[in-house]
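Visitor:
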Amino acid sequence: MGLGIWDFILVYLLYSLLFSVGILLLVPRFILDAFRHGKYVEGLSQRLGRLPFIESEGRQVIWLHCVSVGETQAARPLAQAVLKKFPEHKLVVSTITRTGQRVAREVFRNEDATVIYFPFDWAWTVRRALRRVNPSLMLVMETELWPRFLLECRRRGVPVVLVNGRLSEKSFRRYKIIRGFIKRVVGCLNLALMQSEADAARMRALGIESERVEVSGNVKFDLLASPDDVAKTEDLRERFGLTHTSPLIIAASTHASEERISVEAFRLLRATPEGRAARLLVAPRHPERFDEVAALLSSSGLKWSRRSEAQRDEDKRSDVILLDTIGELRAAYPLATLVFVGGSIAPTGGHNVLEPAATGACIVTGAHTGNFAAVINAFLERDALVQLPPLDDGEAPAELARAFSSLLADDARRDRMVRRAKEVLDENRGATRYTAERIAKLLLKHE
Numbered sequence: 169m170g171l172g173i174w175d176f177i178l179v180y181l182l183y184s185l186l187f188s189v190g191i192l193l194l195v196p197r198f199i200l201d202a203f204r205h206g207k208y209v210e211g212l213s214q215r216l217g218r219l220p221f222i223e224s225e226g227r228q229v230i231w232l233h234c235v236s237v238g239e240t241q242a243a244r245p246l247a248q249a250v251l252k253k254f255p256e257h258k259l260v261v262s263t264i265t266r267t268g269q270r271v272a273r274e275v276f277r278n279e280d281a282t283v284i285y286f287p288f289d290w291a292w293t294v295r296r297a298l299r300r301v302n303p304s305l306m307l308v309m310e311t312e313l314w315p316r317f318l319l320e321c322r323r324r325g326v327p328v329v330l331v332n333g334r335l336s337e338k339s340f341r342r343y344k345i346i347r348g349f350i351k352r353v354v355g356c357l358n359l360a361l362m363q364s365e366a367d368a369a370r371m372r373a374l375g376i377e378s379e380r381v382e383v384s385g386n387v388k389f390d391l392l393a394s395p396d397d398v399a400k401t402e403d404l405r406e407r408f409g410l411t412h413t414s415p416l417i418i419a420a421s422t423h424a425s426e427e428r429i430s431v432e433a434f435r436l437l438r439a440t441p442e443g444r445a446a447r448l449l450v451a452p453r454h455p456e457r458f459d460e461v462a463a464l465l466s467s468s469g470l471k472w473s474r475r476s477e478a479q480r481d482e483d484k485r486s487d488v489i490l491l492d493t494i495g496e497l498r499a500a501y502p503l504a505t506l507v508f509v510g511g512s513i514a515p516t517g518g519h520n521v522l523e524p525a526a527t528g529a530c531i532v533t534g535a536h537t538g539n540f541a542a543v544i545n546a547f548l549e550r551d552a553l554v555q556l557p558p559l560d561d562g563e564a565p566a567e568l569a570r571a572f573s574s575l576l577a578d579d580a581r582r583d584r585m586v587r588r589a590k591e592v593l594d595e596n597r598g599a600t601r602y603t604a605e606r607i608a609k610l611l612l613k614h615e
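As numbered in the numbering used here, the sequence shown has no gaps in its residue numbers, which increase by one up to the final residue, 615.
Below you can see the structure in the form of structure tokens.
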């Protein structure tokens, strides 16, 4: 059943109240963060809608919103394709975190893009930001459905496209609890381009009109290495003395407990004939945990190096490398023999396996991959990755070490997995082109 006008007003008031309470509860964290990292405090003025002057020079503006590093990198080929069709338009890119800002400025430096912080989801902050940017089109990557922002876009007549959309089963179950409200939220989307039919079906079930939902595929299948990545790869290879005689294992986008599990698994692996010469690179998902992981490595008894520190001769002989930099993980993948993709032993829903697969590394994940279910299933159907069963922290190191050892001991199996992963990638390319064409059609319709 839909919401009446008064129900509609009350629900949005309740949402705004709950959002405000949530922000107030986070104030102590913001204050603590100001002294430690500045992750959330930086850009506060912009989050309140006080954006810098957008130098559009009279051009119409396309506003692209991304959250994760992976989304931002995957959005670049799409943005380039859209701007190629509409070269007279100005690109504005928003992110939520300081890390996102750094990556966006690097990724879009050649697109004359203005990079801003996304506003808090209050009516007054959103309206202020929309007045400043004055977009002709709003592109939202993957999962960012901010109710007030979408409502204000609709009121201003700004078409909104959900790009590379995904909706996990877990999120879908949560949304169904407030289905009447969510129906209003997704109803503000002019077009939802979803990664898979399962994502599209869940979106339709939330109440959006079927003709507004399409399956575009996943634009991350189209992501290729950039010249900057190639240069960074060679720099990493040279600095740390990475060679094919010493297989490199990358623990990528790790969360709390997964670094310890990876290090313990690495110890066990080094005790086997096939893993004796192996080396480990650890890339934590969140920059604010770099020092925490550095402390773990310092107490491990292993020789280790920190990417952010000055180069030393010992770097070439380190057992473990801590990749405590932003935007270099993609450049490290071509050096890897095996990649454990994190967020999957820790129950956070997993992370993108496409980037390491595209470089020819064998992929290992944990059981918790719900955020990328369609991609993981496509790989599993072709035996193109290894997925561990659900494990507690005590069991995980031994199971992960066994997976590493089994793969390193079987060259033929690794070759088959790499070949099958490439087949999955090749069969699923084309989403960027399709998405750009649909965006162009919508933009022409609203001009």
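C-beta atoms are modelled at their ideal positions from N, C-alpha and C, and glycine is treated no differently.
On the three-pair Cβ rule with 8 Å, is the stretch 237-253 touching the stretch 597-609?
Guide: Flag = yes, the stretch 237-253 and the stretch 597-609 touch.
Visitor: Quick one: Cα of A445 to Cα of R485, how far?
Guide: Here residue 445 refers to the residue found at position 277 when the sequence shown is read from its first residue. Here residue 485 refers to the residue found at position 317 when the sequence shown is read from its first residue. Rounded to the nearest angstrom, the two C-alpha atoms are 11 Å apart.
Visitor: What does the Cβ neighbour count give for S467, buried or exposed, with the cut at 16 atoms within 10 Å?
Guide: Within the sequence shown, numbered from 1, the residue matching residue 467 stands at position 299. With fewer than 16 other Cβ atoms within 10 Å, it is exposed.
Visitor: Answer yes if the stretch 509-518 comes into contact with the stretch 527-541, meaning at least three C-beta pairs across the two stretches below 8 Å, and no otherwise.
Guide: They touch, by the three-pair rule.
Visitor: Considering only the alpha carbon of each residue, which of T240, R266, N596 and A526 lies closest to N386?
Guide: The count along the sequence shown starts at 1 and reaches residue 386 at position 218. The candidate whose alpha carbon is nearest that of N386 is N596.
Visitor: Alpha carbon to alpha carbon, how far is R584 from E523?
Guide: Against the sequence shown, residue 584 aligns to sequence position 416. Against the sequence shown, residue 523 aligns to sequence position 355. Spanning the two alpha carbons is a distance of roughly 18 Å.
Visitor: To test your reading of the DSSP string, which unbroken alpha helix (DSSP H) runs of 4 or more residues are found completely within the stretch 531-604?
Guide: The qualifying runs are 541-549, 564-576 and 579-595.
Visitor: With L506 and I429 assumed to form a contact (beta carbons below 8 Å), what rounded beta-carbon distance in angstroms separates them?
Guide: Reading the sequence shown from its first residue, position 338 is the one you call residue 506. Reading the sequence shown from its first residue, position 261 is the one you call residue 429. Going by Cβ atoms, the distance from L506 to I429 rounds to 15 Å, so no, they are not a contact pair.
Visitor: By the three-class DSSP mapping on this structure, what secondary structure does P441 have?
Guide: The sequence position of residue 441 within the sequence shown is 273, counting from 1. DSSP places P441 in coil when its eight states are reduced to three.
Visitor: Between which residues of its own chain and L470 is the CB-CB distance below 6 Å, once the five residues before and five after are set aside?
Guide: One-based indexing of the sequence shown puts residue 470 at position 302. Closer than 6 Å at Cβ, skipping near neighbours: D487 and V488.
Visitor: Between which two residues does the beta strand (DSSP E) holding I350 run?
Guide: Taking the sequence shown and counting its residues from 1, the one referred to as residue 350 is at position 182. It is not in any beta strand (DSSP E) - I350 instead sits in the alpha helix (DSSP H) that spans R347 to V354.
Visitor: Could you work out which residue in S364, V229 and K253 is closest to P327 when comparing CA atoms only?
Guide: As a working note, residue 327 is residue 159 in the sequence shown. Closest by alpha carbon: V229.
Visitor: From E427 to P455, what distance separates their C-alpha atoms?
Guide: As a position in the sequence shown, residue 427 is number 259, starting the count at 1. As a position in the sequence shown, residue 455 is number 287, starting the count at 1. Those two C-alpha atoms are separated by around 14 Å.
Visitor: Within 10 angstroms of its Cβ, does W292 collect 16 or more other Cβ (buried), or is it exposed?
Guide: Counting from one through the sequence shown, the residue named residue 292 turns up at place 124. Exposed: under 16 other Cβ atoms inside 10 Å.
Visitor: Compute the Euclidean distance between the alpha carbons of R405 and A478, then round it to the nearest angstrom.
Guide: Working through the sequence shown from its first residue, we reach residue 405 at position 237. Working through the sequence shown from its first residue, we reach residue 478 at position 310. Each residue's Cα considered, the two are about 16 Å apart.
Visitor: Terminal residues of the continuous alpha helix (DSSP H) containing L314?
Guide: By 1-based counting over the sequence shown, the position of residue 314 is 146. Note on residue identity: the sequence assigns Trp, not Leu, to residue 314. Here W314 belongs to no alpha helix (DSSP H), and DSSP marks it neither H nor E.
Visitor: Tell me, please, which residues DSSP counts as bridged to H233.
Guide: Counting from one through the sequence shown, the residue named residue 233 turns up at place 65. According to DSSP, which records beta bridges pairwise, H233 is partnered with S262 and V308.
Visitor: To which residues does DSSP link Y180 through a beta bridge?
Guide: The sequence position of residue 180 within the sequence shown is 12, counting from 1. None; Y180 has no bridge partner.
Visitor: Can you tell me which residues form a DSSP beta bridge with A451?
Guide: Within the sequence shown, residue 451 is the residue found at index 283, counting from 1. Beta-bridge pairing links A451 to A420.
Visitor: Please report the distance separating the alpha-carbon of R244 from that of P441.
Guide: Position 76 of the sequence shown, counted from the start, is the residue given in the question as residue 244. Position 273 of the sequence shown, counted from the start, is the residue given in the question as residue 441. Between R244 and P441, the C-alpha separation is close to 43 Å.
Visitor: How far does the alpha helix (DSSP H) with V381 in it reach, from first residue to last?
Guide: For the purposes of this step, residue 381 is identified with residue 213 of the sequence shown, where counting begins at 1. Premise fails: V381 lies in the beta strand (DSSP E), V381 to V383, not in any alpha helix (DSSP H).
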